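Under the working numbering, read the sequence shown as residues 301 to 731, first letter to last.
Yeah, the Cβ is synthetic: ideal placement off N, Cα and C, and Gly gets one too.
In this text the structure is predicted, and so the values were computed from the model without any measurement.
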Amino acid sequence: MVKKFTAYLLTFAAALMLFGSPSLEGRERGSNPLKLTSISIIDRNGMNETIQTEERLQQYAKQDFLKPQPYQKVLRTYSRNNKGEVLSLITSYYPNGQIKQYMELINKGAYGPYWEWHEGGQPKLYAFIIGGMGDLGPSSEKTWLFDGTAKSWNEEGRLVCEIPYNKGVINGTSKYYHSKGYLQKSVPLSDGKIHGLVEKFGPKGEVVESISYVEGKRAGKTTILYPGGLKAAEEEYKDGLLLTGDYFSQAGEKIASVRDLEGKQAVFEEGRLVEVREIRDGIPSGEVLQYDNEGVLFIRYRTKDGLKHGEEIEYYPARKGKELRPRISLAWYKGKIQGVVKTWYENGRQESQREMSDNRKNGVLTAWYEDGSLMLIEEYDLDLLKKGSYFKIGDKTPVSFVRDGQGIATFFDSHGSYLRKIHYNQGRPKE
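Structure representation (structure tokens):
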């Protein structure tokens, strides 16, 4: 079924990409085909060649550029149509020669159907472009304006999503599909903002989550269900603020609640609890607890004004009811690491400690072997290594030094086995 579907898409794509495609037929080509007037080719070595002589152009005029080619990119430009428009086609290719992208241009600007393929040849994306830069690449893509329904597929040929556009703005219900093919989520948008009921669905089409939005903000009722239909959460929002909420375990026991914009909110994904966050004044603020697939706490941190602020601790994996052992501790200040960062071995011994400033190493860094003996001491100035001493396991005399940003850093693993040496110059590793 997937092969037939993919073959259909390829045939459909090929039909669109000829000048007999609906978008170009609508510009009245008439009985006289448009004439190829120029072709620019970038080969796999990045060399660019533009061909305009009629004799050489004839060999390309009937070439099928949807088939594998030994190029990076090809731009074909045709004679003006009866409206005076200059029509062009761009195709790009993967290193293996397979077609990667196809787009149409009018008067050097992007206009018409756009297709993209996976490297194996399966369609990846379709959209209709009504404006933007007439070239391929990240900077050009940011300028494109879509109209109509854009679609994407995975490498197996299954539909991933459908997103409706109106003159460059998402407008209508976007649909997202599970890898098994069923509709997984629908998102209504008006003028680019979520407006209406966002719904998630199970494999039988049953609604497992519904969230109400008004002009991009959550407003009204939210309901989340466990597989089987038991209630996991029920919330009430107003103007983006969480007013009330009740959250339940799969056994039906209440595990968290919010009243009058204050309390604890439980967050669920794919029918399991993934996070419990503190709510203040209707928004997340304060402690956040994150849980692994077994329902065991593995990260604890705090937020303020939407940013991490305070200590964050990540724990080693543990069984329910067993003691949690810290793996790493980070100090956050307004979304940046600021202060002391510590790590531990699973046996509980400290592994390292470093001073950080504005996400950069700044100050003393100390590391220890798993048996507790000293491994290294370094001193940094805003990520530049100023000095360091490096020790073999159990030794008190350094095996190498860095002084004034110059020298050799010798590294060993946690049990003392040699790893590598790094030469430093002006505080940075030599390349």
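Residues of its chain near residue i, where Cβ-Cβ distance is below 6 Å and the 5 sequence neighbours each way are ignored
i           : result
residue 666 : 653, 677
residue 325 : Only weak support exists for where residue 325 lies, its pLDDT of 32 falling under 50; the value from the coordinates is given anyway. Nothing listed; no residue qualifies.
residue 700 : 690, 708, 710
residue 734 : Residue 734 lies beyond the range of the chain shown here (301 to 731); nothing can be said about it.
residue 380 : 386
residue 649 : 672
residue 427 : 414, 446, 450
Run of the beta strand (DSSP E) containing residue i, from where it starts to where it stops
i           : result
residue 482 : No beta strand (DSSP E) contains residue 482, which DSSP labels as neither H nor E.
residue 519 : 517–525
residue 564 : 562–569
residue 623 : No beta strand (DSSP E) holds residue 623; DSSP gives it neither H nor E.
residue 584 : 583–591
residue 349 : 348–351
residue 747 : The question about residue 747 has no answer here: the residues shown for the chain are numbered 301 through 731.
residue 575 : 572–580
residue 533 : 531–538
residue 708 : 706–712
residue 472 : 472–477
residue 548 : 541–548
residue 725 : 718–725
residue 506 : Careful: residue 506 lies outside any beta strand (DSSP E) and carries neither H nor E.
residue 371 : 371–380
residue 386 : 386–393
residue 556 : 554–559
Cα-Cα separation between residue i and residue j, rounded to whole angstroms
i           : j           : result
residue 435 : residue 681 : 44 Å
residue 582 : residue 501 : 27 Å
residue 729 : residue 408 : 47 Å
residue 359 : residue 417 : 26 Å
residue 351 : residue 406 : 20 Å
residue 357 : residue 340 : 11 Å
residue 551 : residue 585 : 28 Å
residue 572 : residue 607 : 25 Å
residue 338 : residue 437 : 21 Å
residue 367 : residue 378 : 20 Å
residue 543 : residue 575 : 19 Å
residue 609 : residue 630 : 10 Å
residue 322 : residue 497 : At residue 322, the pLDDT of 39 sits below 50, so the modelled position is not reliable and the matter cannot be decided from this model.
residue 522 : residue 390 : 46 Å
residue 525 : residue 424 : 33 Å
residue 513 : residue 492 : 13 Å
residue 716 : residue 596 : 33 Å
residue 540 : residue 620 : 35 Å
residue 577 : residue 554 : 15 Å
residue 549 : residue 532 : 7 Å
residue 719 : residue 697 : 19 Å
residue 564 : residue 515 : 26 Å
residue 724 : residue 656 : 20 Å
residue 430 : residue 443 : 11 Å
residue 509 : residue 559 : 21 Å
residue 669 : residue 645 : 9 Å
residue 675 : residue 567 : 41 Å
residue 641 : residue 625 : 16 Å
residue 342 : residue 334 : 23 Å
residue 688 : residue 602 : 33 Å
residue 546 : residue 537 : 12 Å
residue 503 : residue 346 : 47 Å
residue 402 : residue 495 : 33 Å
residue 561 : residue 703 : 56 Å
residue 686 : residue 569 : 46 Å
residue 395 : residue 693 : 49 Å
residue 529 : residue 363 : 57 Å
Range of the contiguous alpha helix (DSSP H) that encloses residue i
i           : result
residue 360 : 354–361
Cut-off 7 Å between Cβ atoms - residues of its own chain near residue i, not counting five sequence neighbours on either side
i           : result
residue 459 : 451, 453, 477
residue 369 : 393, 397
residue 726 : 705
residue 659 : 636, 637
residue 469 : 491, 492
residue 484 : 476, 477, 478, 500, 501
residue 361 : 336
residue 683 : 660, 661
residue 365 : 374, 391
Own chain partners of residue i with C-beta closer than 8 Å, once the 5 adjacent residues on each side are dropped
i           : result
residue 592 : 598, 617
residue 634 : 604, 605, 607, 609
residue 721 : 700, 708, 709, 710, 711
residue 433 : 409, 410, 439, 440, 443, 444
residue 647 : 670
Any C-beta of chain D under 8 Å from that of residue i
i           : result
residue 704 : Protein chains in the displayed structure number just one, and chain D is not present.
Check: residue i C-beta below 7 Å from any heavy atom of the ligand PLP
i           : result
residue 634 : Ligands displayed in this structure: none; no statement on the ligand PLP is therefore possible.
- Start-end ranges of the alpha helix (DSSP H) lying completely within the stretch 401–461, minimum 4 residues: Every alpha helix (DSSP H) stretch that sits fully inside the stretch 401–461 and reaches 4 residues is listed by chain position as 438–441.
- Whole runs of the alpha helix (DSSP H) within the stretch 594–675, excluding any shorter than 4 residues: Counting whole runs of 4 or more residues, the stretch 594–675 contains no alpha helix (DSSP H) stretch at all.
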